[in-house]
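These notes are about the structure you will find just below.
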Amino acid sequence: MVLEVALIDVVPGQEEAFASAYAKGHEVLAGTPGCRSVRMTRGIESPTRFVLIVEWDSVAAHEQNFRATERFTTWRSLIGPYFAGPPVVEHFTDVPA
1 MVLEVALIDV
11 VPGQEEAFAS
21 AYAKGHEVLA
31 GTPGCRSVRM
41 TRGIESPTRF
51 VLIVEWDSVA
61 AHEQNFRATE
71 RFTTWRSLIG
81 PYFAGPPVVE
91 HFTDVPA
């Protein structure tokens, strides 16, 4: 399992519109083969900052089943207009205890 973490800064004043766009596009992302779960959080101290957390079967599942498809184009067209700048996206794996 791979965790995708995306830091998304939204244009001030557009937070609610962004959240609505995310709700509309959630299933586009969540329904992608290899996607295990999707969660969006919002900053308390920084309310224009959102963090998208997605569990994928693998980095390849993210890149090939989502990023390289129309799903990504649809997703980005919904939420992209609210970005204050490009999101910072990284992949993570669990550290064994």
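Per full-length UniProt numbering, the sequence shown runs over residues 1 to 97.
Using N, Cα and C, we set each Cβ at its ideal position, and we do this for glycine too.
Keep in mind the model is a prediction, meaning the values are calculated, not measured.
Query                                                                                : Result
Paired residues, beta bridge with Arg39 - DSSP                                       : Ile53
Beta carbon of Val2 nearer than 8 Å to that of Thr48                                 : no
Residue interval of the beta strand (DSSP E) (run including Ala6)                    : 2-9
Host alpha helix (DSSP H) of Glu70 (start-end)                                       : 70-79
Selection from Ser77, Gly34, Glu70 that minimises the alpha carbon distance to Val59 : Gly34
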